[in-house]
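Enquirer: I have a structure I would like to understand better, so I am pasting it below and will then ask my questions one at a time.
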Amino acid sequence: MKSHPDCLIGIVTNPESGRDIRRFFNSSVFPTSEKVNMVVRILAALGVFGVQGVLMMPDSVGIAAGVIRAVQAHRAISPDPWPVVCILDQTIERSANDTRRAVRLMMNQGVRLIIVLGGDGTHRVVAAECRDIPLVTLSTGTNNAFPDFREATSAGMAAGLCAMAKLDLSKVCRRNKRLNVRIGDREEIALVDVGICSTRHVGTKALWGVENLAEVFVTFSNRDSTGLSSIPGLLRPTGRDDGEGAVVRFDGTDPAYWLYAPIAPGLIKRVPIRSINPLQFGIKCQVAISSGTIALDGEREIEFTPAEHPYVWLDRQGPLTVDVLKALELAANQGLLVTGKHDPDPQRQFMS
Amino acid sequence: MTAQLDKKQLLQAYRTMRRIREFEERVHLEFATGEIPGFVHLYAGEEACATGVSMHLGKGDYVASTHRGHGHCIAKGMDLRLMMAEIYGKKPGICGGKGGSMHVADLDLGMMGANGIVGGGGPLVCGAALAAKVKKTNNVAVCFFGDGGSNQGTILESLNLAAVWQLPAIFVAENNGYAESTSSRWSVATGNIADRGAAFGMPGAIVDGHDFFAVYEGAGEAVKRARSGGGPSLLEVKVNRYYGHFEGDQQTYRGPDEVKKLRETKDCLMLFRREVTKQGELTEKELNQIDDEVKAEVDEAVNFAKAAPKPEASDLLTDVYIAYA
């Protein structure tokens, strides 16, 4: 396919994803080198579909540098076109601000789509900035309920087809639900879950215990989720497209029953359940305890005191995400991936 | 998750961090007068790391420190007067004034010493942890090292050995961004030192070294794991130092406002004060009182060190060999 001079895609790779304290329970790690490899596989797919430019966030651990090295090596050994990769000119704080700033810069430069490599927390940060730019999600985090666990090549193909306007986005994108948290003037969002716990400090941010948990709000929950959303997922799952969320309340002293749930990879805890109820759109719920911390998508982010009265509500103003399977199905059904024997475009020969 | 700290523990945490900061700021001033011999490498800015880790340790637990070791020594409970005297090279110093800043040690406290050899603490910790395991003392050993040390063979060999023998060891990588003047961005191949744990079959995690509570929680899990027989862990603490690699380092490799911004936005003492007062756990008055007490304590340590005698020529012949009874 011919490249499109205006077709820019952003790639966000969180260098810190998958490295929090929960590693002590499961020993797994998503190495930097594999994040580089995933981006390389995405570039290969984007190149085939004619995407001309990719904007990447810089980092201090060598992901962007590894991608640049791979691009240079590719140019030396292969005629296949890859997009030009530009690393954004921004300072690095080694915090979520890096991601926020990168997404804003990508938006300013007119990206058509953003591919995100990270866990629930990374996707939350991107979602807060990306407005209506669709996301292609790939999981490289600790808790990965929101992003897809899938081969990067397929995700890259779907991203390329969408960015090149070969597919009707309204048919392949989902408008996600989200949870909103308001505390004073501060407003935050979560894509999967909001946990309210009595722990006073955000500390390592990661949430891996249930003893201090008071309640959990979720946008959706699956039977096979890992993280806080696994709790409602195992009790009464709620689909991503369902018209409601759920709220679970806990009681360590007199629970209605106990539930075994995987609250982090490799960490199954016995959780004292008091109740589970549907959460309707727009209903503002004041949190159940007077002080503590609020975890957004598994990470304690906000401390609150008795003087503050945070509340939570659900809406459907979350990010647009590309359903990769649906996109590839549609592309296949429309014959976009099939070519004839004598197709003049060499990039399409492999598909004949 | 980590249990909530009570008021006594919070006061202890703040006092320890303040003692380290005050001590280091004072050494910075005193070194400029030329009275302190040798090199000093200051720990200011990294206080939350030594404190957050050491609050999980008892007297029987071991610590192997680095050339930037004052903070680890103070957090492990070393006497400030004896430490200051050691840095001044005076006879009442904790090592007789013969070690100086880079060799402060107190084996009675389990402090195996600051260490002039970059990455030199790893093998010591493996030995101490093996002893604890064989003797079933339930003690653990902590190896502090920097991003420069993370590239030394000794550390990599120690990570391997600790994993092979499942030693009760905790490897704390204090990544302050610079190995002397070389940015870790240019010298640490995996970027995150914690990633290297997986290669040795041990968990590696990252915590924010500016946040005492983050270090405390992270170190707590690593120590619990080691003490309960779960083997070693690698904890990377992302942190910053306020002074040069050594006193006198012009730091031309750092941005002009880098340290100023860090002091204004990421100072661990400031962040701690903000958190505990917001939550109503401690008051400004209580914290200010600690500031005053610590200042007096450090003043006294400096005066003690300055007034103390130097070692005699005959002291050159003592502490050279040890006799095993």
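Chains as they are written, first to last, in the numbering used here: chain R, 1 to 352; chain U, 353 to 677.
Backbone N, C-alpha and C define an ideal beta-carbon position, used for all residues, glycine too.
Predicted model only: the values in this text are computed from it and were never measured.
Does U:R537 come within less than 8 Å of chain R when only Cβ atoms are used?
Expert: Within the second sequence, residue 537 of chain U is the residue found at index 185, counting from 1. It does: the Cβ of U:R537 has a partner Cβ on chain R nearer than 8 Å.
Enquirer: When the distance is taken between beta carbons, is R:M107 closer than 8 Å to R:I87?
Expert: Mapped onto the first sequence, residue 87 of chain R falls at position 87. Mapped onto the first sequence, residue 107 of chain R falls at position 107. No, they are not a contact pair.
Enquirer: Measure the alpha-carbon distance for U:L678 versus R:D59 and round it to whole angstroms.
Expert: Since the first residue shown for chain U is 353 and the last is 677, residue 678 of chain U is missing from the structure and cannot be characterised.
Enquirer: Taking R:L117 and R:L138 to be in contact with their CB atoms under 8 Å, please state how far apart those CB atoms are, rounded to whole angstroms.
Expert: For the purposes of this step, residue 117 of chain R is taken as the residue at position 117 of the first sequence. For the purposes of this step, residue 138 of chain R is taken as the residue at position 138 of the first sequence. Right, the Cβ-Cβ distance comes to about 5 Å (below 8 Å), so this counts as a contact.
Enquirer: If the criterion is Cβ atoms closer than 8 Å, does the pair R:G227 and R:A145 meet it?
Expert: Within the first sequence, residue 227 of chain R is the residue found at index 227, counting from 1. Within the first sequence, residue 145 of chain R is the residue found at index 145, counting from 1. The answer is yes: Cβ separation under 8 Å.
Enquirer: For R:L279, does the three-state DSSP call read helix, strand or coil?
Expert: Position 279 of the first sequence holds residue 279 of chain R. R:L279 falls in the strand class under three-state DSSP.
Enquirer: Within 8 Å of any Cβ in chain U, is that where the Cβ of R:V61 sits?
Expert: Here residue 61 of chain R refers to the residue found at position 61 of the first sequence. Among the CB atoms of chain U, one or more fall inside 8 Å of the CB of R:V61.
Enquirer: So, is the C-beta of R:G195 closer than 8 Å to a C-beta in chain U?
Expert: Your numbering for residue 195 of chain R matches position 195 in the first sequence. Judged by the 8 Å Cβ criterion, R:G195 is not in contact with chain U.
Enquirer: Does DSSP put U:E633 in a helix, a strand or coil?
Expert: One-based indexing of the second sequence puts residue 633 of chain U at position 281. Coil at U:E633, not helix or strand.
Enquirer: My output table needs one value for U:T368: the three-state DSSP class, helix, strand or coil.
Expert: Stepping through the second sequence from its first residue, residue 368 of chain U is reached at position 16. In this structure, U:T368 counts as helix in the three-state DSSP scheme.
Enquirer: Going along chain U in order, which residues have a C-beta closer than 9 Å to the C-beta of R:F303?
Expert: What you label residue 303 of chain R is simply residue 303 of the first sequence in a count that begins at 1. A small correction: the amino acid at residue 303 of chain R is Glu; Phe does not occupy that position in the sequence shown. Against chain U, the beta carbon of R:E303 has neighbours under 9 Å at E627, K630, Q631, listed in chain order.
Enquirer: Name the chain U residues whose beta carbon is nearer than 7 Å to that of R:F24?
Expert: Position 24 of the first sequence, counted from the first residue, corresponds to residue 24 of chain R. Those within 7 Å of R:F24 in chain U are P555, A557, E573, A574, R577, S585.
Enquirer: Could you round the C-beta distance between U:H424 and U:G468 to whole angstroms and report it? I think they count as a contact, below 8 Å.
Expert: Counting from 1 along the second sequence, the entry for residue 424 of chain U is found at position 72. Counting from 1 along the second sequence, the entry for residue 468 of chain U is found at position 116. That belief does not hold up - the Cβ atoms of U:H424 and U:G468 are roughly 14 Å apart, past 8 Å.
Enquirer: Do three or more CB pairs link the region 176–193 of chain R to the region 60–78 of chain R at distances below 8 Å?
Expert: no
Enquirer: If the criterion is Cβ atoms closer than 8 Å, does the pair R:P272 and R:D251 meet it?
Expert: Here residue 272 of chain R corresponds to residue number 272 of the first sequence, with the count starting at 1. Here residue 251 of chain R corresponds to residue number 251 of the first sequence, with the count starting at 1. In this structure, R:P272 lies near R:D251, with their beta-carbon atoms less than 8 Å apart.
Enquirer: Name the two residues that bound the continuous alpha helix (DSSP H) containing U:A481.
Expert: Along the second sequence, read from residue 1 onward, the residue named residue 481 of chain U stands at position 129. Start and end: 473–486.
Enquirer: Listed in chain order, which residues of the region 90–123 of chain R have Cβ atoms closer than 8 Å to some Cβ of chain U?
Expert: R94
Enquirer: Considering only their Cβ atoms, is the gap separating R:V194 from R:L296 smaller than 8 Å?
Expert: Working through the first sequence from its first residue, we reach residue 296 of chain R at position 296. Working through the first sequence from its first residue, we reach residue 194 of chain R at position 194. For R:L296 and R:V194, yes; Cβs fall inside 8 Å.
Enquirer: In this structure, how does DSSP classify R:P232 when only helix, strand and coil are distinguished?
Expert: Working through the first sequence from its first residue, we reach residue 232 of chain R at position 232. Helix at R:P232.
Enquirer: Identify each residue in the region 11–22 of chain R for which the Cβ-Cβ distance to at least one residue of chain U is less than 9 Å, and report them in chain order.
Expert: Only P15, E16, R19, D20, I21, R22 from the region 11–22 of chain R bring a Cβ to less than 9 Å from some Cβ of chain U.
Enquirer: Quick check on U:Q361 - is its C-beta less than 8 Å from some C-beta in chain R?
Expert: The residue you call residue 361 of chain U lines up with position 9 of the second sequence. Residue-level contact check: U:Q361 does not touch chain R, since none of the beta carbons of chain R fall below 8 Å from its beta carbon.
Enquirer: Within 8 Å of any Cβ in chain R, is that where the Cβ of U:Q356 sits?
Expert: Reading the second sequence from its first residue, position 4 is the one you call residue 356 of chain U. Closer than 8 Å: yes.
Enquirer: Mind checking U:S585: buried by the 16 CB within 10 Å criterion, or exposed?
Expert: Position 233 of the second sequence holds residue 585 of chain U. Its Cβ being crowded by 16 or more others within 10 Å, U:S585 is buried.
Enquirer: Could you check where the alpha helix (DSSP H) with U:E569 kicks off and where it finishes?
Expert: In the second sequence, the residue the question calls residue 569 of chain U occupies position 217. Bounds of the alpha helix (DSSP H) holding U:E569 are 564–579.
Enquirer: By DSSP, does R:C162 sit in helix, in strand, or in coil?
Expert: The residue labelled residue 162 of chain R in the question sits at position 162 within the first sequence. Reduced to three states, the DSSP call for R:C162 is helix.
Enquirer: Which of the three DSSP states, helix, strand or coil, is assigned to U:E398?
Expert: The count along the second sequence starts at 1 and reaches residue 398 of chain U at position 46. Three-state DSSP puts U:E398 in coil, outside helix and strand.
Enquirer: Taking buried to mean at least 16 other C-beta atoms within 10 Å of its own C-beta, is R:R186 buried or exposed?
Expert: Start at 1 with the first residue of the first sequence, and residue 186 of chain R comes out as number 186. Answer is exposed; the Cβ neighbour count stays below 16.
Enquirer: Would a C-beta distance cut-off of 8 Å place R:I9 and R:V111 closer than the cut-off?
Expert: Taking the first residue of the first sequence as 1, we reach residue 9 of chain R at position 9. Taking the first residue of the first sequence as 1, we reach residue 111 of chain R at position 111. Yes, these two residues count as a Cβ contact at 8 Å.
Enquirer: Under the rule that 16 or more other beta-carbon atoms within 10 Å means buried, what is R:D241, buried or exposed?
Expert: The residue given as residue 241 of chain R occupies position 241 in the first sequence. Around the C-beta of R:D241, fewer than 16 other C-beta atoms lie within 10 Å, and the residue is accordingly described as exposed.
Enquirer: Give the secondary structure of R:R23 by DSSP, where H, G and I count as helix, E and B as strand, and everything else as coil.
Expert: Residue mapping note: residue 23 of chain R aligns to position 23 of the first sequence, counting from 1. Three-state DSSP puts R:R23 in a helix.
Enquirer: Reducing DSSP to helix, strand and coil, say where U:N592 ends up.
Expert: On the second sequence, position 240 is the one that residue 592 of chain U refers to. Residue state, collapsed to three classes: coil.
Enquirer: Taking a Cβ distance cut-off of 7 Å, strictly less, list which residues of the region 503–537 of chain U are near chain R, in chain order.
Expert: R537
Enquirer: Could you check if U:G612 is buried or exposed, using at least 16 other CB atoms within 10 Å of its CB as the buried criterion?
Expert: Stepping through the second sequence from its first residue, residue 612 of chain U is reached at position 260. The residue asked about is misnamed: residue 612 of chain U is Lys in this sequence, not Gly. Result: exposed.
Enquirer: Can you give me the C-alpha to C-alpha distance between R:K205 and R:C197, rounded to a whole angstrom?
Expert: Position 205 of the first sequence, counting from 1, holds the residue named residue 205 of chain R. Position 197 of the first sequence, counting from 1, holds the residue named residue 197 of chain R. Whole-angstrom Cα-Cα distance: 12 Å.
Enquirer: In chain R, what lies closer than 9 Å to U:F565 by C-beta?
Expert: Along the second sequence, read from residue 1 onward, the residue named residue 565 of chain U stands at position 213. Chain order gives the chain R residues near U:F565 as R200, H201, V202, G203, T204, where near means a beta carbon separation below 9 Å.
Enquirer: Could you name the residues of the same chain whose beta carbon sits closer than 6 Å to that of U:G583, not counting the 5 residues immediately before and after it, in chain order?
Expert: Locating residue 583 of chain U in the second sequence gives position 231, where the first residue counts as 1. Cβ neighbours of U:G583 beyond the five flanking positions: Q518.
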